[in-house]
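**Student:** Pasting in a structure now, in structure tokens, and then I'll have a few things to ask.
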Amino acid sequence: MFKRCAMKTFFYVLPLLSLAFFSLSTQSAEPQPLSIVPVQIQSIAANRVFVGGKVAAHKSVVFSAQMPGRVVSISGEEGDHFDQGDLLVKINDDELLAKRQTAMAQYYSAYDAVNNANVQLYRQIKSRSMTNQTPGGMGMPGMFDQIFSNPMSEVMGIRDYSAERGADIYASRTLLSQAQYALEQALAQIQQIESHIRDTQSIAPFDGVIVSKHIEIGDTVQPGQRLLTFEDLTVLEIVVDLPGRLRQSIKQNQLISARVDGLSQDIQVRVSKIFPTSDPVRHTTRVKFTLAANNQVFPGNYAEVLIPVSGTTTTTKKHLLVPSTAVIERGGLPSIFVVNLQNQLELRLVRVGNVLPSGQIVINYGVKENERVLDRPPAFVTSGIEITQ
């Protein structure tokens, strides 16, 4: 009897528990309201300003095709190291080699023509005979013509053998000059073809690593098409576009603190190059900072440089503030969801500064005063979502 009552009680309680569990699951599945906060402006005393940039290789070159053709050789893959002078990419050059062989045959023919013209000129200078002189008879009559008849013709003004001889010598020299011009033309054609053959090869200009490959063996490329990106990763730099008001705060070879994405502590970087001109649109000056060797830093990493403020030790400036929880990283870059005028979420890249003890973070670029941003954005949020609140 007791067992029967217990079983009845179990069957009555089971549907109630299922209903309660379904009710709790339904409540937990309801979407949580999004937290929208305004961008605030506040005067903050600081003696350093964060300026965002990126890590880049000190030496970087992008190889592009100079000649059309088919890729027949690629020496390595991304990450492979090569020394200066090593062959990286080879494009088929069979047609150019055939043209070079034809040009070489023309060169040898022109070379022989030059030698022959030299011999003929030497003969004209050394020999007293002229090509247009009447040969006369044979034996004694021929000798009589050469000794008496021909000189008498010149004395009587019938012929001028000196002028004819000079004309023959001039003609021989002209043939020699033409042969030399043909030789130089053939040589120039060979040099032009050899230049095109060199353009079918991509040679490493320095010791470095292939960081990206844009072609495969068998691909047909056209002039201007990208082949490889080759960089020297032994020396890395932080490239920063510095606002004009901070330009006077740094100088060449100055040591400055920096933060690099992936490193837990600040590092020291040295000012290696300050560009002499500013961007006419953004009004910024590009500055490069050299990093010490570090295996945890790679080209493309986001970095921030702490620029000291010139003038007084501490200055007070107005800064835009948002909760630090509103800043997320997309692709390694700090970003914020902003509610635009159409009440839709818009993902923007921002340049961040110091994190204040209050939990707010300084935004140097990317938002404006009184704009609204999304705090603690859920993982499912994307650009274009409409905000109803």
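Numbering (our numbering), first residue to last: -5 to 383.
Glycine residues also receive a C-beta, built at the ideal position from the N, C-alpha and C atoms.
How should Gln216 be labelled, buried or exposed, when 16 other C-beta atoms within 10 angstroms of its C-beta is the threshold for buried?
**Tutor:** The residue is exposed, with fewer than 16 neighbouring Cβ atoms inside 10 Å.
**Student:** Taking just the CA atoms, how far does Asn364 sit from Arg342?
**Tutor:** Taking the straight line joining both Cα atoms gives about 16 Å.
**Student:** Between which two residues does the alpha helix (DSSP H) carrying Ser103 extend?
**Tutor:** Ser103 -> alpha helix (DSSP H) spans Asp88 to Lys120.
**Student:** Return yes when the C-beta of Ser377 is under 6 Å from any heavy atom of the ligand ATP, and no when it is not.
**Tutor:** This structure simply doesn't include the ligand ATP, nor any ligand for that matter.
**Student:** Would you report the Cα separation of Gln354 and Val263, rounded to the nearest angstrom?
**Tutor:** So the two alpha carbons sit approximately 27 Å from each other.
**Student:** For Tyr175, which residues does DSSP report across the bridge?
**Tutor:** Note: Tyr175 sits in no beta bridge, so no partner.
**Student:** In whole angstroms, give me the CA-to-CA distance for Pro371 and Glu340.
**Tutor:** Whole-angstrom Cα-Cα distance: 12 Å.
**Student:** Taking the Cβ atom as the reference point for each residue, do Ala173 and Val113 lie within a distance shorter than 7 Å?
**Tutor:** No.
**Student:** Let me know the secondary structure DSSP gives His52 once reduced to three states.
**Tutor:** Residue state, collapsed to three classes: strand.
**Student:** With DSSP as the reference, please indicate the residues paired to Ser329 in a beta bridge.
**Tutor:** BP columns for Ser329 point to Ile322 and Leu343.
**Student:** Three-state secondary structure (DSSP) at Ala297?
**Tutor:** In this structure, Ala297 counts as strand in the three-state DSSP scheme.
**Student:** Just mark Arg192 as buried or exposed, buried being the case when its beta carbon has 16 or more other beta carbons within 10 Å.
**Tutor:** Classification of Arg192: exposed, given that the 10 Å Cβ count is below 16.
**Student:** Locate the beta strand (DSSP E) running through Ala252, then write down its first and last residues.
**Tutor:** Per DSSP, Ala252 belongs to the beta strand (DSSP E) from Leu249 to Val254.
**Student:** Can you give me the start and stop residues for the beta strand (DSSP E) that Leu240 sits inside?
**Tutor:** Element bounds for Leu240: n/a, residue is neither H nor E.
**Student:** I'd like to know if the stretch 276 to 293 and the stretch 231 to 242 are in contact, where contact means that at least 3 CB-CB pairs between them fall below 8 Å.
**Tutor:** Touching, per the Cβ criterion.
**Student:** Given a cut-off of 7 Å, decide if Pro32 and Arg345 are closer than it, judged by their beta-carbon atoms.
**Tutor:** Contact flag unset, no.
**Student:** So is Phe269 buried or exposed if we call it buried at 16+ other beta carbons inside 10 Å?
**Tutor:** Result: exposed.
**Student:** Excluding sequence positions up to five away, which residues of its chain have a Cβ less than 7 Å from the Cβ of Gln412?
**Tutor:** The question about residue 412 has no answer here: the residues shown for the chain are numbered -5 through 383.
**Student:** Excluding sequence positions up to five away, which residues of its chain have a Cβ less than 8 Å from the Cβ of Glu188?
**Tutor:** Counting only Cβ-Cβ distances below 8 Å, and skipping sequence neighbours, we find Arg94.
**Student:** What's the call for Gln118, buried or exposed, on a 16-neighbour Cβ count within 10 Å?
**Tutor:** It counts as buried.
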